[in-house]
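Student:
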Amino acid sequence: EREERKERKRRKREMKEREEKKERKKRKKERKERKERKEREEREERKERKEREERKKRKKRKKEKKEKKERKKERKKERKKERKKERKKRKRKKKRKKEKKEKKEKKRKERKERKKEREEREERKRRKERKKERKERKKRKKGEERKRRKKEKKEREERKRRKRRKKRKKERKKEKKEKKEREER
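For the sequence shown, UniProt numbering gives the first residue as 1, with consecutive numbering after it.
This is the structure:
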């Protein structure tokens with residue numbers, strides 16, 4: 001009885017495992033199919049998109065070609081008009097240029113004149129300044145010379161005074177010595 005129960009249990013378990021295995025296999029297969037289907041759809045989508053793009057490009061090129069032709073025609077017309085306009089413009093420009101040149105020349109001469117006057121004024125001013133500086137330097141030099149002489153005189157007198165003081169000190173010392181010697185005798 002017990003063995004039988006055990007056996008039933010084992011068979012049941014095996015059956016369950018087989019079922020699960022089968023189920024897993026089935027799911028795997030389904031996943032694979034889904035993936036392949038998705039990839040196929042994507043490929044087709046890409047292909048269609050590419051074709052659409054191609055058609056679009058062709059259409060665009062055709063349109064551009066037509067527009068280019070139109071523009072060329074228009075440009076030709078414009079150029080003709082422009083040339084006429086340009087001739088007139090050049091004539092006017094030439095006249096203006098001449099007038100401008102004359103005006104510029106006049107201005108240049110005036111500027112030159114003004115510059116010359118300014119330089120002369122500055123030169124006079126510089127000369128005046130230099131003269132003034134020379135005068136001041138002379139004055140300063142004189143003053144410094146006087147100061148220097150005064151200082152030297154003071155130093156000479158100071159040296160003399162020191163010398164005299166030293167001499168007097170020496171003499172007093174000598175007298176003191178002599179007096180002492182006399183008293184001792």
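Glycine included, C-beta positions come from ideal geometry on N, C-alpha and C. Since this is a predicted model, take the numbers as computed values, not measurements.
Tell me the DSSP secondary structure of ARG2 in three-state form.
Tutor: Taking the sequence shown and counting its residues from 1, the one referred to as residue 2 is at position 2. Three-state DSSP puts ARG2 in a helix.
Student: Which full runs of the alpha helix (DSSP H) of 4+ residues lie inside the region 69-104, going along the chain?
Tutor: Counting whole runs of 4 or more residues, the region 69-104 contains no alpha helix (DSSP H) stretch at all.
Student: LYS64 to GLU53, Cα distance in whole Å?
Tutor: Here residue 64 corresponds to residue number 64 of the sequence shown, with the count starting at 1. Here residue 53 corresponds to residue number 53 of the sequence shown, with the count starting at 1. Correcting the residue type first, residue 64 is Glu in the shown sequence and not Lys. Linking GLU64 to GLU53 through their CA atoms gives a straight-line distance of about 16 Å.
Student: Please report how far the alpha carbon of LYS163 lies from the alpha carbon of LYS176, in whole angstroms.
Tutor: Taking the first residue of the sequence shown as position 1, residue 163 is located at position 163. Taking the first residue of the sequence shown as position 1, residue 176 is located at position 176. Each residue's alpha carbon lies about 20 Å from the other.
Student: Does DSSP put ARG172 in a helix, in a strand, or in coil?
Tutor: Mapped onto the sequence shown, residue 172 falls at position 172. Here ARG172 sits in helix by DSSP.
Student: Cα separation between GLU23 and ARG61?
Tutor: Mapped onto the sequence shown, residue 23 falls at position 23. Mapped onto the sequence shown, residue 61 falls at position 61. Taking C-alpha positions only, GLU23 is separated from ARG61 by approximately 57 Å.
Student: Under a three-way DSSP split, which group does ARG114 fall into?
Tutor: Position 114 of the sequence shown holds residue 114. Helix, per DSSP.
Student: CA-CA distance, GLU41 and GLU19?
Tutor: Numbered from its first residue, the sequence shown carries residue 41 at position 41. Numbered from its first residue, the sequence shown carries residue 19 at position 19. Approximately 33 Å between the Cα atoms of the pair.
Student: Between GLU110 and the rest of its own chain, which residues show a CB-CB distance below 8 Å, the 5 nearest in sequence each way excluded?
Tutor: Counted from its first residue, the sequence shown places residue 110 at position 110. Cβ within range, chain order: n/a, list empty.
Student: Between ARG130 and ARG140, what straight-line distance do the alpha-carbon atoms span, to the nearest angstrom?
Tutor: To locate residue 130, count along the sequence shown from 1; it is residue 130. To locate residue 140, count along the sequence shown from 1; it is residue 140. For ARG130 and ARG140, the distance between alpha carbons rounds to 15 Å.
Student: Going straight from the alpha carbon of ARG10 to that of LYS21, what length do you get?
Tutor: Reading the sequence shown from its first residue, position 10 is the one you call residue 10. Reading the sequence shown from its first residue, position 21 is the one you call residue 21. Taking the straight line from one Cα to the other gives about 16 Å.
Student: When you compare only the Cα positions, how much space is there between LYS98 and LYS89?
Tutor: What you label residue 98 is simply residue 98 of the sequence shown in a count that begins at 1. What you label residue 89 is simply residue 89 of the sequence shown in a count that begins at 1. Taking the straight line from one Cα to the other gives about 14 Å.
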